[in-house]
Every structure is written in structure tokens, then in C-alpha cells.
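Chains as they are written, first to last, in my numbering: chain Y, 1 to 206; chain S, 1 to 206.
Protein chains: 2
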Amino acid sequence: MAPETSKASKAPPVDKRRQILDAAIRVFARQGFHATRVSDIADEAGVAYGLVYHYFRSKDEVLDELFVERWSLLLAAIEEADRTGETPRAKLAAVAAFIVDSYHHNPELMKVIIVEVTRAANSFGRTHLEQIRRAYQSIAKIVADGQEVGAFRRDVDPTFASMSFYGAIEQLLSGWIFEVIPGSDGNFAQAKELVVTMICDGLEPR
Amino acid sequence: MAPETSKASKAPPVDKRRQILDAAIRVFARQGFHATRVSDIADEAGVAYGLVYHYFRSKDEVLDELFVERWSLLLAAIEEADRTGETPRAKLAAVAAFIVDSYHHNPELMKVIIVEVTRAANSFGRTHLEQIRRAYQSIAKIVADGQEVGAFRRDVDPTFASMSFYGAIEQLLSGWIFEVIPGSDGNFAQAKELVVTMICDGLEPR
DNA sequence: GCACGTCGATTGACTGGTCAGTCAGTTAGC
DNA sequence: GCTAACTGACTGACCAGTCAATCGACGTGC
Chain Y
1 MAPETSKASK
11 APPVDKRRQI
21 LDAAIRVFAR
31 QGFHATRVSD
41 IADEAGVAYG
51 LVYHYFRSKD
61 EVLDELFVER
71 WSLLLAAIEE
81 ADRTGETPRA
91 KLAAVAAFIV
101 DSYHHNPELM
111 KVIIVEVTRA
121 ANSFGRTHLE
131 QIRRAYQSIA
141 KIVADGQEVG
151 AFRRDVDPTF
161 ASMSFYGAIE
171 QLLSGWIFEV
181 IPGSDGNFAQ
191 AKELVVTMIC
201 DGLEPR
Chain S
1 MAPETSKASK
11 APPVDKRRQI
21 LDAAIRVFAR
31 QGFHATRVSD
41 IADEAGVAYG
51 LVYHYFRSKD
61 EVLDELFVER
71 WSLLLAAIEE
81 ADRTGETPRA
91 KLAAVAAFIV
101 DSYHHNPELM
111 KVIIVEVTRA
121 ANSFGRTHLE
131 QIRRAYQSIA
141 KIVADGQEVG
151 AFRRDVDPTF
161 ASMSFYGAIE
171 QLLSGWIFEV
181 IPGSDGNFAQ
191 AKELVVTMIC
201 DGLEPR
């Protein structure tokens, strides 16, 4: 079962590469990408400076890796949600749930991805703009399909709705990240619902 | 009328300080804060390197100044909107309009503020977190008052609604900034309405 | 069983380039 | 001739990335 134990001729007992990535998450989250030195990552990982460059071409590539790893899961989750035969509203709920759960499960990683990549589409995110755009488009597709079947009003541009939806969620995470709003566990479950309620039902009473 | 001409014993004929700030907006917008050297700002302003340090204590202070200048206008606009006796929905519309207009009027400045401060609340925005929070709270107050008078549903936390609302708008601007969605003039007018429609009426047909 | 060779993993001192910020001056208005 | 505006060469710190050296697991031949 454990791939390490059987005929481990290649993999070292501890995966130093993983160790470096995990350390990077913590340090990036704590200090921000620009303020962390490669030596900080190495120290946090309990590893020599040079080893970081054995596994990664540059400091940027470490962040790259963290982003791609996680974002591909998000893309998969959105498309998975779309493939279920659920109502459009349920699909959106699934997407919201995935993102909120991601934060719940690993807030530091999500902080890094949102602060250093998604919202830094200038400097860094530029490289990943295509991936980010893909997420917006997949959500927009869910909205468009919802309009098709009459579940959503047709006078709102799907791309537009998609941006608002994603923006609302990301802002929520930002609120937790920067402690603008409290992030207790009760809030997580509640948050998933409320985002969907807000976007689908709106603020005004029905 | 012009404060420069009359008994101008202090202000130079051209306000070099302003010139530096305006140049900084352009350069920050183009290259991002971290990637711009102080010499880039000086060059863009057509001014000697040292003069930047005559007017500002540090590179950070230049960005600081740009943020505070603009954000105080936003805070004023939100509170102004709140003071009008309009419906809660109209108040939110006024806030959305102000932000969208700000972008329309000076996209580069808004790009800098959103990308380098608001969304970088880690490194840089930390200093301004209090100001940013104040904006959220003022919007939340509008929502809370709306609930009071029965214009908004009461089962949504006002802070929460405020974050969603602001997040939706900011994501929209980000879409324009990073050219994820086209930013033609028609869109600006339409965008103001749609954000409010989305948040107040929701995606589902009424 | 042992000596030796190979090769990836690992180490950390060092270098080269980059810039923020300083400062000793020069200019110009009054 | 005083003061504030203005200049730009210089410096000190910082740090990403390099590299030569060491370690250690494993195979191979004897």
C-alpha cells in the first residue's frame, strides 16, 4: 500500500520536495511572497538552501507549483459540479462549497493563492491568467445553462454573473484571511449557503 | 481662484509633488509596485531621483499617499450616499456608481489601489486595513438600515452582504483591469445597474 | 564479503547585480 | 544672502541563484 516501503529504490524516506512546498505555504502565508527569502523556505523546511534549487528552478517556480496544484483541483471541481444533473443553483452551491472547504481545510494555502496569485494578476498571476479565466468561464457556463432552462433570469450577462459570484466568495475568504470578519467554524457552513442565497435570491425579500 | 497664481510665495509654478504622484500612478499601474524602481518614477515624472525623497520619505509613502487620497473620497461617497434619504437600494446603487465611475475616470489609479493595496492587504494594505474595514462597515450599515425598514431580508448578516457586494464590484473592476472581460463604455453604465440588480434581486427570476 | 565506481541527493559559502535611500552639492526665488 | 527646490553620483544592504564539494545508497566484479 505505502509506495515508500515496498521496493523503495527511488523515493527517499521523506519527500523533501513536498517538505519544501509545505514549508513555502507556511512562509508565504506568514510573510507574503515578496518578503520571504529562499533561505526562509529552506529553514522552515529544515533543509539546506541549495536543495530548494535542486527541486525548483526558482523561487517563482515554487509558488507556481503551489498554485497549479490547487487550481487544477478547483477547475476539476467546477466541471464536476457542472456534470451532475443538479439544478443550476445546486451547481453553484457545490462550487461555493468547494472553495469554502478548501479554505477551511488549508487556510494558509488558500491565502497564498488568493493574495499572491489570483489577486496579483499583475506581477505574478499574469502567467496564470489563462487558468484563472478558465474558472470564470466554467462558472459562466453554469449560469448560461441555468438561463437556458429558465432557472436564471436572462437579462444578466453570464460572464458578469460569474464574476460577481466568484468575487463575492473571494471577498469572503479575504475577510477571513485579514480578520475583517470572524472565521469560526459555524460561519463556514453558513457562509456556503449565504453566498448562494445572496447571488440567487438577492437581498430584497421575495 | 487658482491658488497657484495670486500670492504664490510657496507653491512652485508646476507642482512637482503632484507630478511625481501622477507619474507613480502610471508606473505602478504598468509594472506593479514591487517591480518599479524609484528611478522609474523620477524618470516618468521628468524629475531628478532625489526629488522624490524631497517630497516623500520612502517609495512606500508614495503609494500610501495615492491610496489615502482616493480611499477617503470613497469613504466620503459612501457616507454621503447613506445620508441621502433614498431607498437602501438606491444607496447601494450610488456606492456602486461611485466606484465604477472612479474606474472609468482613472483606471490606472484604481488598478494600483485595488491590486497593490486593497488586494494586497498582506504586505502593504496591512497599514490601511482600518480604512478598508471602515468602508465595509459603512456599506454594512446601509444594509442593516435596509433590513430595519424591511427593504432587505433579515436572514443575511449585513457584514456578509457588504462583503459580497463590495467583492462583486471589485471583481468586476479586476475583470476589466486584467482584460478578462471587455471594458467598453457601454459596459460601465450597464455594470452599475447589473451589480445592484444581482445583489438586490438575485439571479433567479422573480 | 569487500573494494570500488556511479549518480542522485544534499550541503552552504560565495558572487554578482540590483536598488532604496543618502548627501554634498547647485540653482533660483525673494 | 537666505532658504527651499532640485540634482544625481554614490553606498551599503540585501538576496536570488551558482557551484564545488560531500554524502550515501546501490550495483558490480572479484
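Glycine included, every Cβ here is placed at the ideal spot set by N, Cα and C. Model, not experiment: these values are computed from the prediction.
Alpha-carbon spacing of residue i relative to residue j, whole angstroms
{"i": "Y/Ala76", "j": "Y/Tyr136", "result": "13 angstroms"}
{"i": "S/Ala161", "j": "S/Val143", "result": "7 angstroms"}
{"i": "S/Ala97", "j": "S/Ile177", "result": "17 angstroms"}
{"i": "Y/Lys91", "j": "S/Arg17", "result": "52 angstroms"}
{"i": "Y/Trp71", "j": "Y/Gly50", "result": "28 angstroms"}
{"i": "Y/Glu130", "j": "S/Arg83", "result": "43 angstroms"}
{"i": "Y/His128", "j": "Y/Arg119", "result": "11 angstroms"}
{"i": "S/His104", "j": "Y/Asp15", "result": "50 angstroms"}
{"i": "Y/Ala121", "j": "S/Pro182", "result": "16 angstroms"}
{"i": "Y/Glu193", "j": "S/Arg206", "result": "19 angstroms"}
{"i": "Y/Asp22", "j": "Y/Asn187", "result": "26 angstroms"}
{"i": "S/Ala207", "j": "S/Asp145", "result": "Outside the displayed span of chain S (1 to 206) sits residue 207 of chain S, for which this structure offers no information."}
{"i": "Y/Ile139", "j": "Y/Ala81", "result": "10 angstroms"}
{"i": "S/Ile41", "j": "Y/Ala45", "result": "38 angstroms"}
{"i": "Y/Glu61", "j": "Y/Asp43", "result": "18 angstroms"}
{"i": "Y/Val156", "j": "S/Thr87", "result": "23 angstroms"}
{"i": "S/Arg154", "j": "S/Glu69", "result": "35 angstroms"}
{"i": "Y/Asp101", "j": "S/Leu173", "result": "26 angstroms"}
{"i": "Y/Asp185", "j": "Y/Lys59", "result": "34 angstroms"}
{"i": "S/Asn106", "j": "S/Ala189", "result": "16 angstroms"}
{"i": "S/Met1", "j": "Y/Arg57", "result": "For S/Met1, the predicted structure reports a pLDDT of 38, less than 50, and the residue's modelled location is therefore unreliable. A value from the coordinates is still provided. Going by the C-alpha atoms only, they are around 60 angstroms apart."}
{"i": "Y/Pro12", "j": "Y/Ala191", "result": "Bear in mind that a pLDDT of 49 at Y/Pro12, under 50, signals an unreliable position, so the number given afterwards is only what the model happens to contain. Taking the straight line from one Cα to the other gives about 42 angstroms."}
{"i": "Y/Lys141", "j": "S/Ile20", "result": "45 angstroms"}
Where residue i falls: helix, strand or coil (DSSP)
{"i": "Y/His105", "result": "helix"}
{"i": "Y/Ala144", "result": "helix"}
{"i": "Y/Pro3", "result": "The pLDDT assigned to Y/Pro3 is 39, lower than 50, so where the model puts this residue is not dependable; a value taken from the coordinates is nonetheless given after this. Of the three classes helix, strand and coil, the one that applies to Y/Pro3 here is coil, per DSSP."}
{"i": "Y/Asn187", "result": "helix"}
{"i": "Y/Asp157", "result": "coil"}
{"i": "S/Asp43", "result": "helix"}
{"i": "S/Ile181", "result": "coil"}
{"i": "Y/Arg37", "result": "coil"}
{"i": "Y/Leu194", "result": "helix"}
{"i": "Y/Lys10", "result": "Low confidence applies to Y/Lys10: its pLDDT is 41, below 50, so where it sits in the model is not reliable enough to give any reading."}
{"i": "S/Thr87", "result": "coil"}
{"i": "Y/Arg206", "result": "coil"}
{"i": "Y/Arg57", "result": "coil"}
{"i": "Y/Gly150", "result": "coil"}
{"i": "Y/Gly175", "result": "helix"}
{"i": "S/Ser123", "result": "coil"}
{"i": "S/Asp82", "result": "helix"}
{"i": "Y/Gly50", "result": "helix"}
{"i": "Y/Gly167", "result": "helix"}
Supposed contact pair residue j and residue i - C-beta distance, whole angstroms, cut 8 angstroms
{"i": "S/Gln147", "j": "S/Pro158", "result": "7 angstroms"}
{"i": "Y/Ile78", "j": "Y/Val95", "result": "5 angstroms"}
{"i": "S/Val149", "j": "S/Ala29", "result": "Their Cβ separation, rounded to whole angstroms, is 41 angstroms, which puts S/Val149 and S/Ala29 out of contact at 8 angstroms."}
{"i": "S/Val202", "j": "Y/Gly202", "result": "Looking at the sequence shown, residue 202 of chain S is not Val but Gly. Rounded, the Cβ-Cβ distance is 3 angstroms, consistent with contact."}
{"i": "Y/Val196", "j": "Y/Arg89", "result": "7 angstroms"}
{"i": "S/Met163", "j": "Y/Gly175", "result": "5 angstroms"}
Sub-8 angstroms separation of residue i and residue j beta-carbons
{"i": "Y/Leu63", "j": "Y/Glu116", "result": "yes"}
{"i": "S/Ile169", "j": "S/Ile99", "result": "yes"}
{"i": "Y/Leu74", "j": "Y/Ala24", "result": "no"}
{"i": "S/Val38", "j": "S/Val47", "result": "no"}
{"i": "Y/Ser123", "j": "S/Gly125", "result": "no"}
{"i": "S/Glu204", "j": "Y/Phe165", "result": "no"}
{"i": "S/Arg133", "j": "Y/Val27", "result": "no"}
{"i": "Y/His34", "j": "S/His34", "result": "yes"}
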